[in-house]
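> Take our numbering: the last position of the sequence shown gets the number 267, and nothing is skipped along the way. Positions of the beta carbon are idealized from the N, C-alpha and C atoms, including for glycine. Just so we're clear, the structure is a prediction, and the values are computed from it rather than from any experiment.
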Amino acid sequence: TNYQLFYWFEGLKHAIQCPDYIKANGKNTGCRFPHLESSDYKDFYICVNGSSESHPIQPSYFIFQLQNIVKPLPPEYLSLTVENSEEVNLRWSMPKGPIPAKCFIYEIEFTEDDTTWVTTTVENEIQITRTSNESKKLCFLVRSKINMYCSDDGLWSEWSDEQCWKGDKWKETVVFFLIPFAFISLFILVITCLLLYNQRALLKTIFQAKKEVFSHQET
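1) Using a Cβ-Cβ cutoff of less than 7 Å, which residues in the same chain neighbour Glu-220 once the five nearest sequence positions on both sides are dropped?
2) For the beta strand (DSSP E) containing Cys-79, list its first residue and its last residue.
3) Which residues share a DSSP beta bridge with Cys-187?
4) What's the gap between the Cα of Glu-58 and the Cα of Arg-80?
5) From the DSSP output, read off the bridge partner residues of Gly-98.
6) Buried or exposed: where does Trp-140 fall if 16 or more other Cβ atoms within 10 Å of its Cβ makes it buried?
7) Roughly how many angstroms lie between the CA atoms of Asp-162 and Gly-215, to the nearest whole one?
8) Can we say the stretch 238-247 touches the stretch 150-158, given the rule of at least three CB pairs closer than 8 Å?
9) Answer yes or no: do Lys-185 and Cys-151 have a C-beta to C-beta separation smaller than 8 Å?
10) Here's a check: name, in chain order, each residue in its chain whose Cβ is nearer than 8 Å to the Cβ of Ile-111, leaving out the five neighbours to either side.
11) With distances taken Cα to Cα, identify the nearest neighbour of Asn-137 among Gln-175, Ile-117, Gly-98, Ser-205.
12) Strictly by DSSP, which residues pair up with Asn-137?
13) Just to check my reading of the structure: Thr-8 and Ser-100 have Cβ atoms closer than 8 Å, yes? What is that Cβ distance to the nearest angstrom?
14) Note the first and the last residue of the continuous beta strand (DSSP E) segment covering Gln-113.
15) Do Gln-205 and Leu-121 have their C-beta atoms closer together than 8 Å?
16) Taking just the CA atoms, how far does Glu-171 sit from Asn-116?
So, in structure tokens, the structure goes:
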């Protein structure tokens, strides 16, 4: 059995077959829709029919409003900034696509060391208060959904990539620069000592030579 999907909404001259089927084992199992201009808040009609050698396939019909079944892309370009000993600023970019910024709600999963909690916001930025200024690692990830003002019940996107901050990062930076500096300083010190030693030995040799010459002249 194989299936075909057709869709139509007001503004199209005729029903259109799915342009990009999702396949499994050579059979159509889903559809990737293109960017559908002016289809939001209109009835979106879908017909699924098929063919089978063993028995006839009864077509199935569905009616949706597209904004209710859209799964947004996950947010990108996450940043985590520690403002002071208590406040943490989380920021991310709006998901790509035609959905207006005012239609998104975001769910944030924030982890402080071994403690994790979840909160929501309608902005693409939020301030978090740390439970302890001694925390060593802060991480967060975020996902998006079309909010209740733009759809009846949207779908959550996939989670974004995780963004983290480590409290001892400054120590790693100090060590990274301190070790080479220590080696260079030690090298310069050794070279300086050798030069001073050689210079002192040379001066001593010259002094001894002059002393011997002076002694010969007296005799």
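Reading off the structure:
1) Here Glu-220 scores only 49 on pLDDT, less than 50, and its place in the model should not be relied on; the value that follows carries that caveat. Excluding positions up to five away in sequence, the list is empty.
2) Cys-79 -> beta strand (DSSP E) spans 75-79.
3) Its beta-bridge partners are Thr-159, Cys-212.
4) 20 Å
5) The bridge partners DSSP lists for Gly-98 are Tyr-51.
6) buried
7) 14 Å
8) no
9) Contact: no.
10) Asp-91, Phe-92, Tyr-93, Ile-94
11) Gln-175
12) Thr-129, Gln-175
13) What is shown of the chain runs 49 to 267, which leaves residue 8 out entirely.
14) 108-113 is the span of the beta strand (DSSP E), which, as asked, contains Gln-113.
15) Correcting the residue identity first, residue 205 is Ser in this sequence and not Gln. Yes. Within cutoff.
16) 21 Å
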